[in-house]
Amino acid sequence: MKFIRQLGIILSITYIGEIMTSRWNLIIPGSVVGIIVLFLLLQFKALKIESVEDTGQFLLKHLPIMFVPLGVGVYKYIEDIKDYVGILLLIVAVTTIIVMVVSGWSVQLLSKGGRDHDVV
Amino acid sequence: MTWFSDPLFGVAITFLTFELGVYLNKRTGLEIMNPLLISILLIIALIKGLHIDLGDYQKGGSLITFFIKPATVALAIPLYKHFDLLIKHFKSVIIGVLSGVLTSFASLTLLTKWLVLPEHIIISSMGRNITTPIGMELTKQLGGIVPITVAMIFFTGIYGSLVGPWVLKFFRIRHRTAMGIALGTASHVVGTSKAITLGEDIGAMSAVAIPIAGIMTVLLAPLVLKFI
Chain A
7 MKFIRQLGII
17 LSITYIGEIM
27 TSRWNLIIPG
37 SVVGIIVLFL
47 LLQFKALKIE
57 SVEDTGQFLL
67 KHLPIMFVPL
77 GVGVYKYIED
87 IKDYVGILLL
97 IVAVTTIIVM
107 VVSGWSVQLL
117 SKGGRDHDVV
Chain B
155 MTWFSDPLFG
165 VAITFLTFEL
175 GVYLNKRTGL
185 EIMNPLLISI
195 LLIIALIKGL
205 HIDLGDYQKG
215 GSLITFFIKP
225 ATVALAIPLY
235 KHFDLLIKHF
245 KSVIIGVLSG
255 VLTSFASLTL
265 LTKWLVLPEH
275 IIISSMGRNI
285 TTPIGMELTK
295 QLGGIVPITV
305 AMIFFTGIYG
315 SLVGPWVLKF
325 FRIRHRTAMG
335 IALGTASHVV
345 GTSKAITLGE
355 DIGAMSAVAI
365 PIAGIMTVLL
375 APLVLKFI
């Protein structure tokens, strides 16, 4: 029952986020609004972490499988983009690494004081 | 072929192929044996080979993707638990994500200039490293082609989560906050699902980067386009 109750809370907050986005035409998607709503509820103690944690962690742990049907869906667009697939893949392959390295280095350089969180 | 039109077909085949991917991944210990990738490729091969309608598969598939939204909302949990980490590194997190977003624009511009690509490809690629719902909105706003963006966001996520741990190691990104921000900024939610496996705090920082990177990209993209 605990699982169902927690899922109910999370789904309700997700719904609230979606409604807020469509109602006020926000550029931020509903699920991101949902993150903010849930975070604020936790931060201001309106909701205890124990009331969402188990189911929430379960959902997060199994996030990868949820992307499978989306990935299969991309196949539908392959026809539309087949002339560019090589180029698109090249853009992704090159720029993703550069973005990762630059943002990672920036944080690392600026957080020199935070050595306690270093792995090594 | 009415057997495939039951939603349970899509659900079952997704779980089975994913489970097979998990097994192969454990068995070989290879990063490329990614369960997500294996599952997708097997399903595509299957529906192509047996001439199954993609819509039939998606009847079950949509039941699984339904959970992406609540799972995304659940990212508030690690964020709440590691909020002190974000506050402590607030300035470096903001600057880190911003530098990632600007690098994304700069590298895209240079690459597309060099390859002489049509404008709609450039426009549709601007949001490739941010989360799907924000990226789609951005492309619509800029007048690009949404399927291109969706495909690129997907490639970016899978690719980022595949090479991410290796890139972090190779470029000596060891600070845990930096690792999370790097994965989240470069490869959104799919990268974050990888970040969670590296550590809960890394996952939390990766999750923090997603909306920040998304909002910064949406706000800056129109300005950047003026200068291209």
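Just so you know, the protein sequences line up as chains A and B, in that order.
Count along the first sequence starting at 1, add 6, and that's the number in our numbering.
Count along the second sequence starting at 1, add 154, and that's the number in our numbering.
C-beta atoms are modelled at their ideal positions from N, C-alpha and C, and glycine is treated no differently.
Note that this is a predicted model, so its numbers are computed, not measured.
Simplified DSSP state of residue i, which is helix, strand or coil
i, result
"residue 236 of chain B", "coil"
"residue 173 of chain B", "helix"
"residue 205 of chain B", "coil"
"residue 243 of chain B", "coil"
"residue 88 of chain A", "coil"
"residue 361 of chain B", "helix"
"residue 79 of chain A", "helix"
"residue 179 of chain B", "helix"
"residue 159 of chain B", "helix"
"residue 354 of chain B", "helix"
"residue 370 of chain B", "helix"
"residue 72 of chain A", "helix"
"residue 187 of chain B", "coil"
"residue 106 of chain A", "helix"
"residue 218 of chain B", "helix"
"residue 229 of chain B", "coil"
Among the options, nearest to residue i - alpha-carbon criterion
i, options, result
"residue 282 of chain B", "B/349, B/233, B/344", "B/344"
"residue 170 of chain B", "A/34, A/74, A/63", "A/74"
"residue 18 of chain A", "B/201, B/223, B/176", "B/223"
"residue 9 of chain A", "A/21, A/76, A/23, A/56", "A/56"
"residue 351 of chain B", "B/318, B/212, B/208", "B/318"
"residue 353 of chain B", "B/197, B/164, B/236, B/179", "B/236"
"residue 66 of chain A", "B/184, B/206, B/231, B/193", "B/231"
"residue 243 of chain B", "B/371, B/355, B/372, B/373", "B/355"
"residue 163 of chain B", "B/192, B/211, B/265", "B/211"
"residue 198 of chain B", "A/90, A/12, A/118, A/82", "A/82"
"residue 370 of chain B", "B/308, B/259, B/186, B/310", "B/259"
Exposure of residue i, with buried meaning 16 or more beta-carbon neighbours within 10 Å
i, result
"residue 28 of chain A", "exposed"
"residue 101 of chain A", "buried"
"residue 181 of chain B", "exposed"
"residue 50 of chain A", "exposed"
"residue 220 of chain B", "exposed"
"residue 7 of chain A", "exposed"
"residue 25 of chain A", "exposed"
"residue 366 of chain B", "buried"
"residue 76 of chain A", "buried"
"residue 326 of chain B", "exposed"
"residue 196 of chain B", "buried"
"residue 126 of chain A", "For residue 126 of chain A, the pLDDT reaches just 40, beneath the cut-off of 50, and the residue's location in the model is therefore unreliable, although a value from the coordinates is still provided. It counts as exposed."
"residue 348 of chain B", "buried"
Distance CB(residue i)-CB(residue j) smaller than 9 Å
i, j, result
"residue 233 of chain B", "residue 361 of chain B", "yes"
"residue 113 of chain A", "residue 249 of chain B", "yes"
"residue 332 of chain B", "residue 254 of chain B", "no"
"residue 280 of chain B", "residue 379 of chain B", "yes"
"residue 161 of chain B", "residue 214 of chain B", "yes"
"residue 98 of chain A", "residue 313 of chain B", "yes"
"residue 86 of chain A", "residue 272 of chain B", "no"
"residue 284 of chain B", "residue 93 of chain A", "no"
"residue 37 of chain A", "residue 23 of chain A", "yes"
"residue 168 of chain B", "residue 218 of chain B", "yes"
"residue 105 of chain A", "residue 261 of chain B", "yes"
The ligand ADP heavy atom lying under 8 Å from the CB of residue i
i, result
"residue 269 of chain B", "This structure lacks the ligand ADP; in fact it carries no ligand of any kind."
What runs of the alpha helix (DSSP H), each 4 residues or longer, lie entirely inside the segment 20-66 of chain A?
36-49
Can you list the beta strand (DSSP E) stretches of 3 or more residues lying completely in the segment 249-330 of chain B, in chain order?
none
Closer than 7 Å, Cβ to any Cβ of chain E: which residues of the segment 37-60 of chain A, in chain order?
Within the model displayed, chain E is absent; protein chains A and B are what it includes.
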